[in-house]
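Peer 1: Positions 0 to 323 (numbering that gives the first Met the number 0) are the ones given, in order, by the sequence shown. Ideal placement from N, C-alpha and C gives every residue a C-beta, glycine not left out.
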Amino acid sequence: MNRSFPRLAMAAAVVAVLASVPALADTRIEKNLKLDSGGKLTIVADAGSVQVTGGNASGAHILLTSSRDDLEQRFDLKFEELPGEVKITMKKKESLNFWSNWFNNSKISFEIQVPTKTRTDLTTGGGYLSIASLTGDSKLETSGGHIEVENLTGNLNGETSGGHIALHSISGDAKIETSGGHIEVDGVTGMLHGETSGGHIEVANVGKDIHVETSGGRIEIKGAHGRVEADTSGGGVEVSFAKGNSAGGKIESSGGGIRVSLDPNANLNIDASTSGGSVRSDVPVKVVGKISGSSIKGSLGSGGELLYVHTSGGSVTISAGGEI
């Protein structure tokens, strides 16, 4: 008896049923708007991911796509050419409370090419934000996706409520915040301020002061050229200061050990302690007061700015050199 025949017949029936269902058409909208070098791109969207790339061509080339065919029935869309600015608005026509299935399958995406010298102000209620190869200050805000920035010349302000943040090669200051992901930064010439409530923080090659906080992960900082303020409630901390850095800082952890690498020729006052382990220093700290296994207080070199290090959940190690 051929047992495979019923299965083949059932599969054929399924294919026939699927073939009878009309395919869901896609939405594809293309616009070419006037935008000179030095202008601004503004997007205010209730949903959708946004990817913006700078280039040599003038104008703004916009491609809006969705896997649904009823995008224009669901949203009011505006593409405006304003003096020195292109503004895109996509606002819902009715409450989105009952649209969860629609949004999960809509895959709304903006792909935009603009002149390299373009300032950006991008806001979306549900998707990722990505910008690359731009010169100009940028403000990015999303309620439901990650943020990625690469090769930006200008100051950055980025915020997401549901994703990670990744920065690479920023010539300017960066202020970033996420409530649901990790932060990874490699290359910021100015100051960095980063906060996350749910992930680790990895930072490398920041030219000026660093201020980072996390409630749920470890912190790793490499090649710090300015003052470092780092605070975590849920992991360890590793910080390496660049050669010649005597800016000091405040490094704290409530849930892990701390390791700090210093230039032994730096001039600092050091106050290091732990409530749950030991403190060890490989650099020549001139100790002030009593010697204790759980704390060190003194000066390195001729003294100077204060480097405060404290953990409630591990040991503290201070070592010489640029690597940990």
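Between the beta-carbon of Gly-54 and the beta-carbon of Lys-33, is there less than 8 Å?
Peer 2: No. Outside cutoff.
Peer 1: Could you give the DSSP three-state label for Trp-101: helix, strand or coil?
Peer 2: Confidence at Trp-101 is low in this model, with a pLDDT of 47, below 50, so the placement of that residue should be treated as unreliable; the coordinate-derived value is given next. Reduced to three states, the DSSP call for Trp-101 is helix.
Peer 1: Name the residue from Ser-232, Ile-164, Asp-172 whose alpha carbon lies nearest to the alpha carbon of Glu-201.
Peer 2: Measuring from the Cα of Glu-201, the nearest candidate turns out to be Ile-164.
Peer 1: For a quick check, are the C-beta atoms of Gly-171 and Gly-254 less than 8 Å apart?
Peer 2: It is not a contact, given that the beta carbons lie outside the stated cut-off.
Peer 1: Taking Glu-147 as part of the beta strand (DSSP E), name the residues at either end of that continuous run.
Peer 2: It spans 146-152 - the beta strand (DSSP E) in which Glu-147 sits, taken as one unbroken run.
Peer 1: Buried or exposed, going by whether 16 or more other CB atoms sit within 10 Å of the CB of Pro-82?
Peer 2: Label assigned to Pro-82: exposed.
Peer 1: Which partner residues does Thr-159 have in the DSSP bridge list?
Peer 2: Paired residues: Thr-141, Thr-177.
Peer 1: What's the gap between the Cα of Ser-294 and the Cα of Pro-263?
Peer 2: Answer to the nearest angstrom: the Cα atoms are 19 Å apart.
Peer 1: Can you name, in chain order, every residue of its own chain whose Cβ lies under 7 Å from the Cβ of Ser-301, other than the five neighbours on each side?
Peer 2: Correct list, in chain order: Asn-266.
Peer 1: In the DSSP output, which residue or residues are listed as bridge partners for Pro-114?
Peer 2: In DSSP, Pro-114 forms a bridge with Gly-54.
Peer 1: So, using beta-carbon positions, are Ser-168 and Glu-183 closer together than 8 Å?
Peer 2: No, these two residues do not count as a Cβ contact at 8 Å.
Peer 1: Alpha carbon to alpha carbon, how far is Gly-303 from His-192?
Peer 2: Cα-Cα distance, rounded: 24 Å.
Peer 1: Below 7 Å CB to CB, which residues in the same chain sit around Gly-248 once its five sequence neighbours on both sides are set aside?
Peer 2: The residues are Arg-226, Val-227, Glu-228, Leu-306.
Peer 1: Please go through the same chain and pick out, in chain order, the residues whose beta-carbon is closer than 6 Å to the beta-carbon of Glu-147, but skip the five residues on each side of it.
Peer 2: Within the same chain, Glu-147 has close Cβ partners Ser-129, Ala-165.
Peer 1: Taking Cβ to Cβ, would you say Ala-319 is nearer than 8 Å to Asp-281?
Peer 2: For Ala-319 and Asp-281, yes; Cβs fall inside 8 Å.
Peer 1: So Glu-71 is in the beta strand (DSSP E); what residue range does that whole segment cover?
Peer 2: Looking at the DSSP string, Glu-71 is not in any beta strand (DSSP E); the run it does join, the alpha helix (DSSP H), is 70-73.
Peer 1: Measuring alpha carbon to alpha carbon, tell me which residue in Glu-237, Val-287, Gln-72 is nearest Thr-316.
Peer 2: Comparing Cα-Cα distances from Thr-316 to each of Glu-237, Val-287, Gln-72, the minimum goes to Glu-237.
Peer 1: Is it right to say Val-51 is buried, meaning 16 or more other beta carbons lie within 10 angstroms of its own, or is it exposed?
Peer 2: Classification for Val-51: buried.
Peer 1: Sorted by chain position, which residues of the same chain lie with C-beta nearer than 7 Å to Gly-235's C-beta, five sequence neighbours on each side aside?
Peer 2: Correct list, in chain order: Arg-217, Ser-252, Gly-255, Gly-256, Ile-257, Gly-313.
Peer 1: Are the beta-carbon atoms of Leu-70 and Phe-109 separated by less than 8 Å?
Peer 2: For Leu-70 and Phe-109, no; Cβs fall outside 8 Å.
Peer 1: Under the DSSP definition of a beta bridge, which residues are partnered with Tyr-307?
Peer 2: Lys-249, Asp-270, per the DSSP bridge assignment.
Peer 1: State the CB to CB distance for the pair Glu-212 and Asp-230, rounded to an integer number of angstroms; the pair is presumed to be in contact (CB under 8 Å).
Peer 2: With a Cβ gap of about 5 Å, Glu-212 and Asp-230 count as contacting.
Peer 1: Measuring CA to CA, which of Gly-125, Gly-126, Leu-133 is closest to Thr-117?
Peer 2: The shortest C-alpha separation from Thr-117 is found at Leu-133.
Peer 1: Under the rule that 16 or more other beta-carbon atoms within 10 Å means buried, what is Gly-157, buried or exposed?
Peer 2: Looking at its Cβ environment, which holds 16 or more other Cβ atoms inside 10 Å, Gly-157 is buried.
Peer 1: Short of 8 Å in beta carbon distance, which residues of its chain neighbour Gly-180, apart from the five on each side in sequence? Order them along the chain.
Peer 2: Closer than 8 Å at Cβ, skipping near neighbours: His-145, Thr-159, Gly-161, Gly-162, His-163, Ile-164, Thr-195, Gly-197, Gly-198.
Peer 1: Under 7 Å Cβ to Cβ from Glu-80, same chain only, skipping five residues before and after it: list those, please.
Peer 2: Counting only Cβ-Cβ distances below 7 Å, and skipping sequence neighbours, we find Leu-32, Lys-33.
Peer 1: When we look at the beta-carbon of Asp-35 and count the other beta-carbons within 10 Å, is it buried (16 or more) or exposed?
Peer 2: Label assigned to Asp-35: exposed.
Peer 1: What are the boundary residues of the beta strand (DSSP E) that Asp-185 is part of?
Peer 2: Run containing Asp-185: 182-187, per the beta strand (DSSP E) assignment.
Peer 1: Residues in the same chain with beta-carbon distance under 8 Å from Asp-45, minus the five sequence neighbours each way, listed in chain order, please.
Peer 2: For Asp-45, where only same-chain residues beyond five positions count, the Cβ hits under 8 Å are Phe-74, Met-89, Lys-90, Lys-91, Leu-95, Thr-123, Gly-124, Gly-125.
Peer 1: Using a threshold of 8 Å, state whether the C-beta atoms of Gly-222 and Asn-204 are closer than that.
Peer 2: Yes, they are a contact pair.
Peer 1: Please state whether DSSP places Ala-8 in a helix, a strand or coil.
Peer 2: Here Ala-8 scores only 41 on pLDDT, less than 50, and its place in the model should not be relied on; the value that follows carries that caveat. Correct three-state label for Ala-8: helix.
Peer 1: If you compare alpha carbons, which of Pro-114, Ser-66, Arg-67, Thr-141 is closest to Ile-42?
Peer 2: Closest by alpha carbon: Thr-141.
Peer 1: Closest to Ile-87 by CA distance: which of Val-49, Lys-106, Asp-208 is it?
Peer 2: Checked all of Val-49, Lys-106, Asp-208; the closest Cα to Ile-87 is Val-49.
Peer 1: Report back the beta-carbon spacing between Val-286 and Gly-297 to the nearest angstrom; my notes put them in contact at under 8 Å.
Peer 2: Rounded, the Cβ-Cβ distance is 4 Å, consistent with contact.
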